[in-house]
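>
Spelled out as structure tokens, the structure:
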């Protein structure tokens, strides 16, 4: 996976977009790594993000993977473009037990219109990381569309 | 799709499980229909659930579809069982514009171990409902496992 | 699902494309229904299309579903366009037992670039049809690209 | 990915199963690598395996990926077990141009009932290999079920 650094403009565009997603703040997610076609997000377990057995909800796990991939894809797109998830698939291999999860998203094929992305989600439990989910999807590049619609 | 009513015991078990999912309360989701192999959930747009363009986040849409299917599946399982999502796939066809979304989940094949489920998600915008996503996945039945781990 | 008839030109374009797919002849597949956004294909069990237990191979089932959806999508596209599968997902619910399978593909959202499609595959066994698989995917429309590359 | 060699019994069981799949012979596929949780298959372009543009059909590509993963999974299962694909998802990133394709399947989580598998498919074109598809799915382990039903 590419970990080439981004231009300052693209780096700022991606982080600004992330910061405008109010749902990321609701989940307490943050960007911990960002490169060309590469993005890692983390999120800490909180009492308001759980399913019925006390683990992080599958929806939280999926959202983190989707967003890591979306921003990995946006990092490879032209400056005048924004990104939309068109579809994704996730296999949940183990409950999201532990105190923190981390999603690593990567672009495996960057196309003019569609990019193919994959992600792995891991959970930190008692000091050890364990892969809990794998994700595969498609991101669409929308040109001439401000990522920030408020401008 | 079956809309056969549930026994009182299964109906209560499903609703109790839903109520124990703190993430459903965080999203403001609620059950509006529940039958054998059938569950519909709704959720209202809120400022803290959005993506960068001001629409409901794809993760919120996916979570609602996943949960509608999970509870549709749980409604067909024995009383001593709980449910886990093993995998799902979602195609997002339009942004979640509007004031409310609704996910309708249905079991299309109920197996001893695995059930296959599908869902449609619609958005209510200016008085009209529009399908915005389709979902297909697998739910696992875990026998001899209390759905409520706190008991 | 739309069952509106096609124009003669689009009907012929779809059937010509199907006939140019040598793999369809290898499988013995044929078109049994075709309308706007709708296509049904059938295929008979043969000794050279089986997996290790004597059922039709999952790859045969998937191929038939993919093709039913591809031609359902092509039927909705402009005359100067061709179609490509970009991704699909299939849940196999029962072995393809019996003497014949049928895949019904439908367009559920027709977009300028991407169409979302679903299919159901059924098997005919001892006179009864049973749903054995469900399929969900995306088809891409390529404009200004002859479907027949030999011209 | 594990490339640990298999016991002679499991190695023979996997190859026997592959050889009983008549569809593999119809496609001209063969096993080129086999280890614990790992299987690579190849297949040469032939005039009877094509889609309308003269490339190997997406159904051929999917079948090869599915089978590589199925046998990767079977290699990790007990001797009295057989394997069934329950679901898979594939993203097709480029047409299968060239003279040969290769699918590499790997088990990323081996469970008692379900295993999660991924595959990559590459095409050899003018001496260069290019990744054309990625695949993610679930394989089910059926105990006390002879892989060879003819015995």
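Protein chains in written order, with this note's numbering: chain A, 2 to 152; chain B, 2 to 152; chain C, 2 to 152; chain D, 2 to 152. All residues carry an ideal CB built from backbone N, CA and C; glycine is no exception.
Please tell me whether residue 119/C has its Cβ less than 8 Å away from any Cβ of chain B.
yes
> 8 Å is my cut-off, CB to CB: does residue 90/C come that close to chain D?
yes
> Please report how far the alpha carbon of residue 143/D lies from the alpha carbon of residue 87/D, in whole angstroms.
Their backbone Cα atoms lie some 12 Å apart in a straight line.
> Just the C-alpha distance for residue 69/C and residue 127/D, rounded to the nearest angstrom, thanks.
32 Å
> Any C-beta of chain B within less than 7 Å: which residues of the stretch 90 to 113 of chain C qualify?
90, 92, 94, 109, 110
> Between the stretch 46 to 58 of chain D and the stretch 5 to 24 of chain D, do at least 3 Cβ pairs fall closer than 8 Å?
no
> Nearest CA to the CA of residue 172/B: which residue from 12/B, 5/B, 63/B?
Only positions 2 to 152 of chain B appear in this structure, which leaves residue 172/B out of reach.
> Just curious, the alpha helix (DSSP H) that residue 63/A is in, first and last residue?
Unbroken alpha helix (DSSP H) run through residue 63/A: 59 to 75.
> Can you list the residues of chain A that residue 139/D reaches, using a CB-CB cut of under 9 Å?
92
> Compute the Euclidean distance between the alpha carbons of residue 121/A and residue 45/B, then round it to the nearest angstrom.
30 Å
> Measuring only the C-alpha atoms, how far is residue 134/C from residue 35/A?
40 Å
> Using only the alpha-carbon positions, how far apart do residue 117/D and residue 13/C sit?
42 Å
> Could you tell me the boundaries of the beta strand (DSSP E) in which residue 44/B lies?
Here the beta strand (DSSP E) through residue 44/B covers 39 to 45.
> Please go through the same chain and pick out, in chain order, the residues whose beta-carbon is closer than 6 Å to the beta-carbon of residue 83/B, but skip the five residues on each side of it.
Counting only residues of its own chain and dropping the five nearest sequence neighbours on each side, residue 83/B has a CB closer than 6 Å to the CB of 143, 146, 148.
> With distance defined between alpha-carbon atoms, name the residue in 74/B, 85/B, 66/B nearest to residue 93/B.
66/B
> Chain C partners of residue 136/D, CB-CB under 7 Å?
Within chain C, no residue comes near residue 136/D; the closest Cβ sits about 10 Å away, beyond 7 Å.
> Between residue 77/A and the rest of its own chain, which residues show a CB-CB distance below 8 Å, the 5 nearest in sequence each way excluded?
37, 38, 108, 111, 116
> What does the alpha-carbon distance come out to for the pair residue 129/C and residue 5/B?
25 Å
> According to DSSP, simplified to helix, strand and coil, what is residue 2/A?
Bear in mind that a pLDDT of 48 at residue 2/A, under 50, signals an unreliable position, so the number given afterwards is only what the model happens to contain. Three-state DSSP puts residue 2/A in coil, outside helix and strand.
> Can you grab the Cα-Cα spacing for the pair residue 99/B / residue 103/D, in whole Å?
46 Å
> So, for residue 105/A: in the same chain, excluding its five sequence neighbours on each side, which residues have a beta-carbon less than 7 Å away from its beta-carbon?
41, 69, 120, 121
> In the structure shown, what three-state DSSP assignment does residue 28/C receive?
helix
> Is it buried or exposed, residue 26/C, if we count other Cβ atoms within 10 angstroms and call 16 or more buried?
exposed
> Would residue 87/B pass as an interface residue toward chain D - the criterion being a Cβ-Cβ separation below 8 Å?
yes
> Going along the chain, which unbroken runs of the beta strand (DSSP E) with 3 or more residues stay wholly within the stretch 99 to 149 of chain C?
101 to 111, 115 to 126, 129 to 143
> Which residues in chain A have a C-beta closer than 8 Å to the C-beta of residue 50/B? List them in chain order.
23, 24, 27
> Can you name the start and end residues of the alpha helix (DSSP H) that residue 17/C belongs to?
9 to 21
> Go to residue 48/A, then tell me how far its beta strand (DSSP E) extends in each direction, as first and last residue.
No residue range can be given for residue 48/A, since it is assigned to no beta strand (DSSP E) and is classified by DSSP as neither H nor E.
> Just the chain C side, please: which residues come within less than 7 Å of residue 115/A by C-beta, in chain order?
Ordered by position in chain C, the residues that pass the 7 Å Cβ test against residue 115/A are 87.
> Is the CB of residue 41/B under 8 Å away from at least one CB in chain A?
no
> For residue 97/D versus residue 124/D, is the C-beta distance shorter than 8 Å?
Going by beta carbons, residue 97/D and residue 124/D fall inside the 8 Å limit.
> The beta strand (DSSP E) that contains residue 88/A, what's its start and end?
83 to 93
> Drop a sphere of 10 angstroms on the beta-carbon of residue 33/D, count the other beta-carbons inside from all chains shown, and report buried for 16 or more, exposed for fewer.
By the beta-carbon neighbour count (other beta carbons within 10 angstroms, threshold 16), residue 33/D is exposed.
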